[in-house]
Amino acid sequence: MSSQPVRTTASLALSEHEAALQNSKAQRYLQLMLLVLAAGAIYPILYLRQVYQPTMLDVFHITDSQLGYLYSSLGTIFLLSYLPSGWLADRIAPRLLICFSLIATGVLGLWYSTAPSFQVLMVIFGGWGLSTGLTFWAAVIKRVTMIAGTHEQGRFFGLLDGGRGLIEAMLATVAITLFAWFTQTRGEPVAAGFKLVVYMYAFLCIALGVVLALIKDPQGAAVTHRAARKRSNVLVDLKTLATIPELWLVAAIVFCGYQVFWATYSFSAYLHEGEIGLTVVMAGTITTLKLWMRPIGGIGGGFLGDRYSKVSVLVIALFLAALSLLGLMAAPRISSHVLLVFLVLFIGILTYAIRGLYWSLLDRCNIPVETMGLAIGLISVLGYSPDVFLPLINGYLTQNFPGVFGYQLYFGYVAGMAALGGFAGLALRNMHGFGVSAKALTPIDSFAWDRSKR
84 MSSQPVRTTA SLALSEHEAA LQNSKAQRYL QLMLLVLAAG AIYPILYLRQ VYQPTMLDVF
144 HITDSQLGYL YSSLGTIFLL SYLPSGWLAD RIAPRLLICF SLIATGVLGL WYSTAPSFQV
204 LMVIFGGWGL STGLTFWAAV IKRVTMIAGT HEQGRFFGLL DGGRGLIEAM LATVAITLFA
264 WFTQTRGEPV AAGFKLVVYM YAFLCIALGV VLALIKDPQG AAVTHRAARK RSNVLVDLKT
324 LATIPELWLV AAIVFCGYQV FWATYSFSAY LHEGEIGLTV VMAGTITTLK LWMRPIGGIG
384 GGFLGDRYSK VSVLVIALFL AALSLLGLMA APRISSHVLL VFLVLFIGIL TYAIRGLYWS
444 LLDRCNIPVE TMGLAIGLIS VLGYSPDVFL PLINGYLTQN FPGVFGYQLY FGYVAGMAAL
504 GGFAGLALRN MHGFGVSAKA LTPIDSFAWD RSKR
């Protein structure tokens, strides 16, 4: 008899909890949309090489190796920034960090458009490393983790990566259209066309940063942020994180999967090589089409992960990416451009599915919410360390093994890393209890549950 009122109270509390989640759904998706816009606008200006690498070498009068040094310096700043980035995300409102990052990145882009010397380019890329690594990355990842419900992690991270990919694809399509019109239709120099592209991205970042500065944080995020800010012992938090074995496997998966993404930056230059022989515009168009696969891969992979198993979908994508990169190495023997385009687009889908899924594994690692930002920083330090050495490997191979052979060696190495990531995913899947749905509530669930009890 006495148990009946308890069940009724629990049922009412659960109903109120569900109602609270429903009421916050629109606000959470609005916040996600703003994060998608920010992430989709800020990174393309850093990685114009994936479409305009031959043009960049001509405009800045630098070699492949020097371009590799630029991206290696960017990666080094990223590596040094990720851990303090997580610390900042636990203590400073993510909205402020994101706004600063957008405006600073845009201002540096205006400086970049002047085609400065190599020494100045090193300074600009270092500044970009701070504005997109130190003050931006962990803030975005933590915000998504906070606003996503328990069973929404896969789709929210998939929507983040797929949505920002859609924004990037739209912007890249506009950019390559402007570039082609300016250089081919009007006959202007490629330097002028490239400057126009940089202007477009730089002014967009600045404008978006100003707009986001006017948007207030949601109530749940503000409450969670104030609670997390009370923690200050970084060494104790790091010791706690170091005892979580799942975290290390997630870091290994990010480390391997991120290198697959890096390989796509070289597709344009690879397709432009003499033995394949595509024009700069044609190679750029194909790689721009690849960007349109990001919404398909990111969003589709996220929903499949929530529907079935995030780890299993990720493992399949990693092994397929390894096989596909081996197939791309045979591109000089592929006479059909249609088949070549299909292969590039398929790799794009797999790449973006991987990117859309590996951060969604955080909810399975039993990470305390007050150290979530620090955990993101720690995983990023390890997982994104290829930013430092991979450009050097790419520059060395393409410089010392001219033509397609250097790129084939590079793609072969990345294929091996993709397979290694697949095995790390299998190990994670086989860990006791990892395949079971997470029992802990995410921050948004905890906030709604707490509000339902008041």
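What the sequence shown shows, in my numbering, is residues 84 to 537, in sequence order. Quick reminder that beta carbons are idealized off the backbone N, C-alpha and C, glycines included.
Neighbourhood of residue i by C-beta distance below 6 Å, restricted to the same chain and skipping five residues each side
i: G340; result: I437, Y441 and G504
i: T218; result: L180, F183 and S184
i: G66; result: Because the chain is modelled from 84 through 537, residue 66 falls outside the range shown and cannot be assessed.
i: A311; result: No answer about A311 holds up, because its pLDDT of 49 lies below 50 and its placement is not dependable.
i: E235; result: none
i: S520; result: With a pLDDT of 41 at S520, under the threshold of 50, the predicted position of this residue should be treated as unreliable, though the coordinate-derived value follows. Excluding sequence neighbours, S520 sits near nothing in its chain.
i: L475; result: G151 and S155
Cβ separation of residue i and residue j, assumed to be a contact under 8 Å, to the nearest whole Å
i: M139; j: L150; result: 7 Å
i: F338; j: K373; result: Their Cβ separation, rounded to whole angstroms, is 23 Å, which puts F338 and K373 out of contact at 8 Å.
i: W194; j: I186; result: 13 Å between Cβ atoms; not a contact.
i: L433; j: A400; result: 5 Å
i: A198; j: V142; result: 5 Å
i: G466; j: R377; result: Between R377 and G466 the Cβ distance is about 19 Å, and since that is not below 8 Å, they are no contact.
i: I462; j: A334; result: 5 Å
Other residues of its chain near residue i: CB distance less than 7 Å, five sequence neighbours each side excluded
i: T256; result: T371
i: G216; result: I160, F161, S164, Y165 and S168
i: V464; result: L162, Y165 and L166
i: D470; result: L157, G158, F161 and L162
i: G508; result: I336, V394, L397, V398 and L401
i: H308; result: Low local confidence applies: a pLDDT of 49 at H308 is under 50, so the model's placement there is unreliable, and no value is given.
i: F541; result: Residue numbering for the chain in the displayed model covers 84 to 537; residue 541 lies beyond these limits and cannot be assessed.
i: K108; result: none
Candidates the options, of which the one nearest residue i by Cα
i: V497; options: L297, A404 and F239; result: A404
i: A176; options: I450, M229, G384 and L213; result: M229
i: S214; options: T188, T197 and F239; result: T188
i: P485; options: I298, L428 and T146; result: T146
i: A285; options: I128, L354 and A335; result: I128
i: F326; options: Y467, A501 and N449; result: Residue identity check: residue 326 is Thr in the sequence provided, not Phe. The residue with the shortest Cα to Cα distance from T326 is N449.
i: L444; options: F201, K225, M376 and M283; result: K225
i: G123; options: W220, V190 and S196; result: W220
i: I430; options: D446, L406, V452 and R416; result: L406
i: E356; options: I369, L408, F488 and E235; result: F488
i: M412; options: Q482, R512 and A346; result: A346
i: L361; options: L318, F201 and V421; result: V421
i: N477; options: Y126, L113 and Y152; result: Y152
i: L408; options: A502, P451, N316 and L318; result: A502
i: Y391; options: Y126, G209, F506 and G237; result: G237
i: Y126; options: A109, L254, L113 and Q114; result: L254
i: Q451; options: L511, P415, L475 and K322; result: Reading off the sequence, residue 451 comes out as Pro, not Gln. Answer by Cα proximity: K322.
i: H144; options: V273, A109 and R269; result: V273
i: Q114; options: M205, G246 and Y130; result: G246
Cutoff 8 Å; reference residue i; Cβ partners in own chain excluding five residues on either side
i: L279; result: L261, F262 and F265
i: P328; result: M514
i: V203; result: W194
i: V396; result: G384, L387, G388, A436 and L440
i: Y135; result: F262, F277, V280, S351 and G367
i: G210; result: A187 and L191
i: L511; result: E329, L332, V333, I336, V394, L444 and F517
i: M205; result: Y152, L153 and S156
i: L267; result: Note that residue 267 is Gln in the sequence shown, not Leu. Around Q267: V364.
Beta-carbon gap between residue i and residue j smaller than 8 Å
i: G460; j: D244; result: no
i: G410; j: L423; result: no
i: L492; j: L473; result: no
i: Y435; j: G380; result: yes
i: W375; j: A258; result: no
i: Q342; j: M500; result: yes
i: L297; j: A121; result: no
i: N282; j: R132; result: It should be pointed out that residue 282 corresponds to Tyr in this sequence rather than to Asn. Their beta carbons are not under 8 Å apart, which means Y282 does not touch R132 by this criterion.
i: C288; j: G192; result: yes
i: Y555; j: Y154; result: Only positions 84 to 537 of the chain appear in this structure, which leaves residue 555 out of reach.
i: V227; j: F239; result: yes
i: L332; j: L324; result: no
i: L295; j: R111; result: no
i: P137; j: V363; result: yes
i: S148; j: Q482; result: yes
i: V293; j: W170; result: no
Neighbour flag for residue i against chain D, beta carbons, 8 Å
i: L115; result: As a matter of chain content, chain D is missing from the structure shown, which is built from one protein chain.
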